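For our numbering, add 3 to where a residue sits in the sequence shown, where the first one is 1. In what follows, a single structure is set out as structure tokens and then discussed.
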Amino acid sequence: MSLDGIPTKVALRRRNINVGDCKCVLCEDAEETVDHLFTVCRVTDDVWSGIARWCNLPPIFLFSVHDVQLIVSQLGCSDKRKEIIYGILVLTCWRIWKARNEKAFAKTNVKIIDIISDVKSLGFLWYRSRGKRLEIF
Ligand SMILES: [Zn+2]
């Protein structure tokens, strides 16, 4: 999954599209870029911490959205577990993006615990739908 194509406000502004305020929708502290949204945003950072605890991983520190793949490749575990962890991390990115859009367009307040809870429940559904191909945990 490539996240380079996600049109954040900053990316749209670079294309001379008037998007108004370019602050991050989730934290309202910094300019919203792909790397900010998925890595250094204080809201996202709390989500990654919760996911790391749930998956029994060391703390997740991302400097670029591409680090998701790097983290998985550096795990000292089986390929099956790596595939599951990668799926969970991609799912986390998707849920962060969904939370961002819910706040931006529906003005819904985003709770970190709800994002983590959704990743857990959707992760189990995804795992079950994969059948016996990924038998670990
Ligand atoms: Zn932010």
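No residue lacks a Cβ here, since even glycine has one placed at the ideal position from N, Cα and C. Computed from a prediction, not measured in an experiment: that's the story for all the values here.
Would you grab the beta carbon distance between residue i and residue j for me? Rounded to a whole angstrom, and I think it's under 8 angstroms.
i: I99; j: G53; result: About 12 angstroms; that fails the 8 angstroms criterion.
i: L92; j: V75; result: 7 angstroms
i: I118; j: A102; result: 5 angstroms
Output needed for residue i: all residues of its chain with C-beta closer than 7 angstroms, excluding positions within five of it in sequence on either side, in chain order.
i: E35; result: T11, K12, V13, C25, K26, C27 and V28
i: C44; result: C27, L29 and C30
With distances taken between CB atoms, is the gap from residue i to residue j smaller than 8 angstroms?
i: Y130; j: I63; result: no
i: W51; j: K123; result: no
i: F66; j: T95; result: no
In the DSSP assignment, find the unbroken alpha helix (DSSP H) run with residue i in it and report its ends.
i: K101; result: D82 to F108
i: K12; result: K12 to R17
Inset, instruction - Please list, in chain order, all residues with a C-beta atom less than 5 angstroms from at least one heavy atom of ligand 1. - result: Selection output, chain order preserved: C27, L29, C30 and C44.
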